Structures are given as C-alpha cells and as structure tokens.
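Those letters in the sequence shown? Residues 0 to 146, per numbering that gives the first Met the number 0, in order. C-beta atoms are modelled at their ideal positions from N, C-alpha and C, and glycine is treated no differently. Fair warning: this is a prediction, and the values are worked out from it, not measured in the lab.
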Amino acid sequence: MNPDPRVDALRDLFRELMHLDDVNVRLGGMISGADIAYDLGEPGDPFAGVFAPDLRLKTADTSIRLAELLRGGRPVLIDLAGRPELREAAGPWTGRVDVVRAHPEEQVNAEALLVRPDGYLAYSARGGEGDPGRLRAALERWFGRPA
C-alpha cells in the first residue's frame, strides 16, 4: 500500500469496514465477478440472471454442493420442493440437462432452480409460482428444442 500519510484516514476506515460481514460479501462479489447479474428478460423471475450461490443440497443418496453438480459442465434443474410437474416438464431435455431432486440444507427462497453451466440462474420457481410452461420456455431458450 501507499505509505503516504494523506491516505492514512482512508486506510483506517477500510480496516474498520473489513470487520463487517456485509462489506466482505460485497467486496468478494465485486472481486470475483459473482455480483454481476444479467437481464435475461424473464418477467416475474427476479433470480434469473443472478449468479447462483453454492448451495449445500441433500439428495436421497448424499450431501452435495451446487458447484459439484455443475462440475460436469451441464445445466442442472434442481427440484427443491418435490415438484414432479417441473421434473416432468424437463423430461424432454434430460439428454442435455441434469435433473436433481434435493432439499437445501440452508434456507432458500425457491422451489426449483435451473442453473446454467456457468453458474447463472436461467429460471427459478418461488412460493408455488413454479409454472411448467415458463420452465419449458427457459429450457428451450437456453438449451434448444427438446430432442
């Protein structure tokens, strides 16, 4: 850092701010690029275009993190609330999209998430708003027509 005494006050302020969790989260997002959100043109879906947090998920077999599910380079539809109609809507894309039934190990304000391979959300369903038609539209938009 610049040892110039004219920046001592700024350095002291920054040192103080770094003890705040919100500041660390914000700066971490800025440095990593995880705070970038894309306008995907999905009306009514405030999470579409947002970088997905690395959720810890509990499947029937194991506990796994979202990052591990994305390791294969494929999109993932995560059914967090037992919504068979959403899993069925994704059926024609199962050759291109992994479908996982899981429970979040932490509080998540969503029933289903469609995560692109780059970690950004293409679709989310919250509070009973999971519309299979909207999910099919997102699947077709991002991953082409079903096979």
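Within 8 angstroms, do at least three Cβ pairs link the region 89-102 to the region 119-127?
Because the criterion of three Cβ pairs below 8 angstroms is not met, the region 119-127 and the region 89-102 do not touch.
Contact check, residue 114 vs residue 59, beta carbons under 9 angstroms:
Position 115 of the sequence shown holds residue 114. Position 60 of the sequence shown holds residue 59. It is not a contact, given that the beta carbons lie outside the stated cut-off.
Determine, for residue 117, whether the minimum Cβ-Cβ distance to residues of chain D falls below 9 angstroms.
Given the protein chain composition of this structure (a single chain), no chain D is represented.
Can residue 82 and residue 98 be called in contact, C-beta distance under 9 angstroms?
On the sequence shown, position 83 is the one that residue 82 refers to. On the sequence shown, position 99 is the one that residue 98 refers to. Going by C-beta atoms, residue 82 is not nearer than 9 angstroms to residue 98.
Is residue 100 helix, strand or coil by DSSP?
For this step, residue 100 is matched to residue 101 along the sequence shown. Here residue 100 sits in strand by DSSP.
Start and end residues, beta strand (DSSP E) containing residue 56:
Walking along the sequence shown from the start, residue 56 turns up at place 57. Per DSSP, the unbroken beta strand (DSSP E) holding residue 56 starts and ends at 55-57.
How long is the line joining the alpha carbons of residue 144 and residue 135, rounded to whole angstroms?
Taking the first residue of the sequence shown as 1, we reach residue 144 at position 145. Taking the first residue of the sequence shown as 1, we reach residue 135 at position 136. Cα-Cα distance, rounded: 9 angstroms.
DSSP on residue 7, reduced to helix/strand/coil?
For the purposes of this step, residue 7 is identified with residue 8 of the sequence shown, where counting begins at 1. Residue 7 falls in the helix class under three-state DSSP.
Is DSSP giving residue 130 helix, strand or coil here?
For this step, residue 130 is matched to residue 131 along the sequence shown. The answer is coil: DSSP assigns residue 130 none of H, G, I, E or B.
Straight-line Cα distance separating residue 108 from residue 20
Taking the first residue of the sequence shown as position 1, residue 20 is located at position 21. Taking the first residue of the sequence shown as position 1, residue 108 is located at position 109. Between the alpha carbons of residue 20 and residue 108 lies a gap of roughly 21 angstroms.
Roughly how many angstroms lie between the CA atoms of residue 14 and residue 142, to the nearest whole one?
Position 15 of the sequence shown, counting from 1, holds the residue named residue 14. Position 143 of the sequence shown, counting from 1, holds the residue named residue 142. Answer to the nearest angstrom: the Cα atoms are 45 angstroms apart.
Between 117, 62 and 46, which has its C-alpha nearest residue 111's C-alpha?
Counting from one through the sequence shown, the residue named residue 111 turns up at place 112. Residue 111 has its Cα closest to that of 46, out of 117, 62 and 46.
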